[in-house]
Amino acid sequence: MTFEDAYRLSPELILGFFAILIVLLDLGVRRKGWLAALTLVGLGASAAWTAVLTAGGWQGTALGDTLAVDNFSLFFKFLFLGAAALVVLASTGYSIRFARFQGEYYALVLTSAAGMMLMASGRELITLYISLELTSLSLYALAGFLKDPRSNEASLKYLLLGAISSAVLLYGMALLLGLTGETHLDAIANALGRMPGANYPVLFLGIIFIVTGFGFKIAAVPFQMWVPDVYEGSPTPVTAYLSVASKAAGFAITLRVFTLALGGPREAADWSLIFAILAVASMTLGNILAIPQANIKRMLGYSSIAQAGYLMVGLATLSDLGRSGIIFFLASYAFTNLGAFIAVIAISHRIDSDLISDYAGMAHRSPLLAGALTFCLISLVGIPPTAGFIAKVYLFNAAVQQGLAWLVIIAVVNSVISAYYYLGVVKAMFMGTPLSLERVTAVRPALAALAVATVGVLVVGILPEPLISIAQAVGRSLIP
Amino acid sequence: MTLPELPYLTIIIFLPVVGALAVVLQQTTAPGRAIKLTAALFSFLPLVLSFILFLAFDSRTTGLQFVEKYPWIPRLGVNYFLAVDGLSLPLVLLTALLGFLAILASWKISLRIKEYFAWLLLLETGVLGVFASLDFLLFFLFWEVELVPMYMLISIWGSGRKVYSATKFVIYTLTGSAFMLVGLLALYFSTGTFDLVEMSQHPIPATVLPATAIFFLIFFAFAVKLPVFPLHTWLPDAHTDAPTAVSVILAGVLLKMGGYAMIRINLGLFPEVISTYAPLLATLGVVNVLYGAAVTLLQQDLKRMIAYSSISHMGYVLLGISALNPVGLTGAALQMFTHGTITGLLFLLVGLVYDKAHTRQIPELGGLSHRMPVIGIVFVVAGLASLGLPTMSGFVAEMLVFLGTFPVWNVATVLAAFGIVLTAGYMLWMLQRSFFGPLNPRHASLADADALERIPLFSLVGVIVIIGVYPAVMTNVIATAIPQLLNRLGG
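The listed protein sequences correspond, in order, to chains H and V. Residues 81 to 560 in the numbering used here are what the first sequence spells out, letter by letter. Residues 162 to 652 in the numbering used here are what the second sequence spells out, letter by letter.
Structure (structure tokens):
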């Protein structure tokens with residue numbers, strides 16, 4: 081490892097360092113609040129270093145060209161760090177449920193963030209696989225942190241299904257390696273360009289397996305079976321983290337692998353069409369199955385499947401505009417979904433229930449939380465003035481430009497269906513009779529996180545230009 | 162009259178938002194009166210300003226006035242582009258007027274006052290924005306903004322199956338706007354701009370979708386809003402279950418968003434397509450008029466009755482557009498304004514009757530004018546205006562529509578004129594059964610409208626009569642917008 085490697089890898093190394101530090105300090109620290117603060121310091125330090133890399137022109141590759149520090153990966157690093165920070169803030173009231181395991185909780189949040197950051201940087205199959213496993217193993221453990229039957233079930237289910245999907249992914253990667261003799265994405269692209277047509281069926285199989293592996297990560301239908309139970313059983317901050325950061329990491333790795341390595345041989349496997357079909361399936365199934373849900377975490381789980389469907393519309397476009405659309409959508413979705421989850425964490429923690437029916441009359445018991453949650457839900461539907469509205473317009477615009485009007489029609493009809501269940505929550509909060517008159521409040525750090533998320537939703541919804549220009553630069557940087 | 166340079170439209174559109182914030186930020190202990198006064202102030206100022214714009218509007222020139230245009234999302238080619246012409250200015254004025262009167266009509270609201278007035282003000286901003294935006298994406302944004310306030314207003318402060326009706330309203334409108342979004346993105350792809358003025362300069366090239374397909378994707382959204390039979394079923398539910406003030410806004414201005422957008426976008430951007438499908442529009446118009454009127458005859462509930470009569474009256478708008486000539490279009494545009502005032506007035510009256518008599522069923526009323534002469538007289542005036550009595554604004558508008566369409570679609574015009582007979586039938590019958598005849602003893606102790614309630618009634622009657630007697634006040638303004646709209650049709 082050279083000095084430059086260390087310099088470029090510092091954001092991840094810092095997180096690793098803080099993870100170890102927190103586990104060690106956990107042995108002696110009584111007031112666990114310090115651990116959350118230390119986690120935030122670690123995330124902040126990592127973000128600061130990432131900012132130095134972004135601004136200082138230190139972009140390049142590290143560890144023998146296996147990791148790229150380009151605008152693309154830097155953007156995602158900020159996204160993961162931001163999401164992790166908001167989740168940590170939102171966990172402050174909630175984390176007493178983890179009793180004496182808070183140190184491990186924060187450490188695992190850091191290691192999984194590091195894993196995701198590596199996922200967004202990887203340019204080589206083995207590196208990508210290892211970073212994906214680093215992320216996943218941390219998340220499997222996080223899912224089980226409540227140590228009650230549901231949480232255990234969530235963790236086990238996530239682990240088993242995740243292991244299967246990893247195996248399939250590995251098999252797909254092995255097929256690519258067998259076909260090309262290469263693991264580096266650029267080299268694979270080159271080799272595939274020279275590959276004889278007789279090998280296309282094998283390549284097709286490889287692509288399908290890789291789609292399966294990534295599809296699990298982004299929770300696309302038909303690889304979504306784990307979502308409802310894992311989302312319901314996991315500690316809610318972990319659910320929020322899964323639904324935003326883990327999904328974004330899945331899209332980062334998909335964008336890089338498919339654009340760089342598999343961009344060429346489209347006649348072998350028209351993966352644009354594969355993603356279009358998965359998009360239709362995810363949107364439709366996610367939205368329809370979300371309607372009957374009584375548990376808000378399950379509902380948001382299905383909603384996140386549907387959102388993955390909208391995002392895959394961008395993958396199907398195969399265009400610069402589509403890629404920047406995905407990046408823009410992911411950023412708006414991060415604000416929106418984290419905002420919704422932070423409100424849910426605060427409310428559910430207080431009323432000790434995740435049932436939508438128990439949210440009845442929340443507008444009286446906590447106008448602030450109910451208002452913020454409503455605003456985020458409106459953004460998820462895609463009604464202005466929110467980030468979700470601009471994100472949909474921008475992404476669907478990219479699809480229309482590529483002649484995918486049919487796909488956009490399916491997507492917008494799905495948005496209408498989604499309004500029904502999102503408004504169901506609004507209905508309960510504003511029209512329902514409160515079950516008790518006790519006020520519902522949240523701790524300050526959680527309110528701060530909620531403020532960041534909702535203000536983000538509003539600002540991006542009204543002044544989207546800066547984020548659009550970032551998304552376009554990031555999207556372009558993917559292709560050297 | 163020249164005015165100092167100010168972003169008038171921005172101020173008019175966003176004053177209600179400021180008002181909504183001012184309402185929300187008041188202390189929880191603030192008396193209801195303070196909240197209501199704040200709301201009234203922030204809806205009165207836009208009314209004053211839009212009236213000033215109306216006076217300052219130069220009707221000797223055609224084209225846009227009070228233009229504000231700034232880049233908003235340059236990378237998508239979206240501008241913050243506000244302006245009014247003779248078509249939109251009357252509707253901006255109408256919205257500001259009904260917005261203010263709706264606040265006055267809500268004075269007796271006692272449930273969750275802060276939220277109510279905040280949503281009502283936000284709703285007004287959404288509608289004003291639709292009429293003043295000339296960038297399609299901005300237009301679409303305002304079009305969608307209105308949904309959430311409407312949902313809340315109907316489902317919290319409504320009556321009957323309010324949550325059902327509110328949800329139905331949202332789902333219908335969202336479905337329409339979903340197709341509009343596809344249409345507008347396809348338009349953007351074909352023309353490279355969201356600017357409605359620029360788009361209207363040249364025929365829309367067929368690229369990702371043929372122009373006809375885009376036309377109908379967009380038309381569908383507006384047809385839901387207007388509403389056009391058979392997409393109208395959300396309307397009776399939403400109207401019936403909405404609180405009075407919201408019904409006033411809904412019938413008075415929200416429906417006009419559909420008619421306005423058809424003229425501005427379907428006609429303005431696709432004159433070639435619309436002239437091919439003009440017979441379809443005329444047919445839909447006649448069906449709306451007759452179906453709406455026939456169903457109105459059957460209604461027992463006063464509010465439902467007025468709701469269905471709106472469907473019938475919106476048919477004239479469609480018919481006027483289908484003529485594709487200056488007279489018909491002027492009629493359609495004027496019909497939107499006058500229907501806004503007349504139906505707004507009718508809903509206010511129904512609201513008053515319901516407040517006092519606690520029933521809207523026509524058979525349970527009877528002889529009300531003995532106890533409430535003012536309401537009774539104004540109801541008669543509004544009813545006569547609605548059926549198109551000369552010297553009332555309804556007459557002028559419908560007359561212009563018929564004058565415009567008769568040379569083009571004579572059969573359709575004759576059929577639609579029969580709608581006037583039906584309107585006379587249901588209006589007079591309803592007035593007879595509810596206000597005249599022997600007083601139903603149940604209502605022996607009813608009070609008439611008090612001073613506060615009379616303000617909206619009399620001001621709307623005033624507007625109706627002024628336009629009925631001297632329609633040029635409005636038609637001169639509307640006329641300035643017509644040449645631009647028809648120039649690609651050789652008109």
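For each residue, glycine too, the CB sits at the ideal point set by N, CA and C. Just so you know, these numbers come straight off a predicted model, no measurement behind them.
When DSSP labels each residue in this structure, what does residue i get in the three-state scheme?
| i | result |
| --- | --- |
| V/W280 | helix |
| H/L558 | coil |
| V/Q362 | coil |
| V/G652 | With a pLDDT of 47 at V/G652, under the threshold of 50, the predicted position of this residue should be treated as unreliable, though the coordinate-derived value follows. V/G652 falls in the coil class under three-state DSSP. |
| V/H307 | The residue you asked about is not His; residue 307 of chain V is Glu in the sequence shown. Reduced to three states, the DSSP call for V/E307 is coil. |
| H/D85 | helix |
| H/T141 | strand |
| V/H400 | helix |
| V/D356 | strand |
| H/L202 | Reading off the sequence, residue 202 of chain H comes out as Gly, not Leu. Correct three-state label for H/G202: strand. |
| H/V540 | helix |
| V/G522 | This sequence places Gln at residue 522 of chain V; Gly is not what is there. DSSP places V/Q522 in strand when its eight states are reduced to three. |
| H/N494 | helix |
| H/N375 | strand |
Establish whether the CB of residue i and some CB of chain H are separated by less than 7 Å.
| i | result |
| --- | --- |
| V/I625 | no |
| V/A347 | yes |
| V/L282 | no |
| V/F350 | yes |
| V/L335 | yes |
| V/I234 | yes |
| V/L370 | yes |
| V/V253 | no |
| V/L342 | yes |
| V/L289 | no |
| V/G652 | With a pLDDT of 47 at V/G652, under the threshold of 50, the predicted position of this residue should be treated as unreliable, and no value is reported. |
Using the beta-carbon of each residue, which ones in chain V are nearer than 7 Å to residue i?
| i | result |
| --- | --- |
| H/F510 | M313, I317 |
| H/K507 | S316, V324 |
Strictly below 8 Å CB to CB, what residues from chain V border residue i?
| i | result |
| --- | --- |
| H/F469 | L302, E305 |
| H/S495 | L335, A339 |
For a cutoff of 7 Å on Cβ pairs, would you count residue i as touching chain V?
| i | result |
| --- | --- |
| H/P464 | yes |
| H/V488 | yes |
| H/N477 | yes |
| H/I548 | yes |
| H/E545 | yes |
| H/G451 | no |
| H/Q373 | no |
| H/A386 | no |
| H/G483 | yes |
| H/F97 | no |
Whose Cβ in chain H lies nearer than 8 Å to the Cβ of residue i?
| i | result |
| --- | --- |
| V/P366 | Correct list: empty, because the minimum Cβ distance to chain H is about 14 Å. |
| V/T566 | In chain order: nothing, as chain H lies at least about 34 Å away. |
Which whole-angstrom value is the C-beta distance of residue i and residue j, which I expect to be below 8 Å?
| i | j | result |
| --- | --- | --- |
| H/L222 | H/M305 | Contact doesn't hold; Cβ gap of about 19 Å is too wide. |
| H/L449 | H/A426 | 6 Å |
| V/F203 | V/A217 | The pair is not a contact, with the Cβ atoms about 22 Å apart (cut-off 8 Å). |
| V/H574 | V/T566 | The sequence given here has Thr at residue 574 of chain V, not His. V/T574 to V/T566, Cβ: 5 Å. Contact. |
| V/M635 | V/F498 | 6 Å |
At a cut-off of 6 Å, would you count residue i as near the ligand MN, judging by its Cβ distance to the nearest heavy atom?
| i | result |
| --- | --- |
| H/Y474 | What this structure holds is no ligand at all, so the ligand MN is not there to describe. |
Please list, in chain order, the chain H residues whose beta carbon lies closer than 9 Å to that of residue i.
| i | result |
| --- | --- |
| V/L298 | V473 |
Starting from residue i, find everything on chain H with Cβ-Cβ shorter than 7 Å and list it in chain order.
| i | result |
| --- | --- |
| V/I332 | V496, A499, Y500 |
| V/V711 | Residue 711 of chain V lies beyond the residue range present for chain V, which begins at 162 and ends at 652; the question has no answer from this structure. |
| V/L272 | By Cβ distance, chain H contributes nothing, its closest Cβ being about 12 Å from V/L272, past 7 Å. |
Exercise for review: Counting only runs of 3+ residues fully inside the stretch 209-274 of chain V, write out the beta strand (DSSP E) ranges in chain order.
Suggested key: 226-234, 239-245
Point to revise | Any alpha helix (DSSP H) of 4 or more consecutive residues that is wholly inside the stretch 579-633 of chain V | key: 612-630
Check your understanding: Residue ranges of each alpha helix (DSSP H) run of no fewer than 4 residues wholly in the stretch 274-308 of chain H, ordered along the chain?
Key -> 280-298
Exercise for review: Any chance you could list the beta strand (DSSP E) runs of at least 3 consecutive residues sitting entirely within the stretch 132-178 of chain H, in chain order?
Suggested key: 140-142, 147-149
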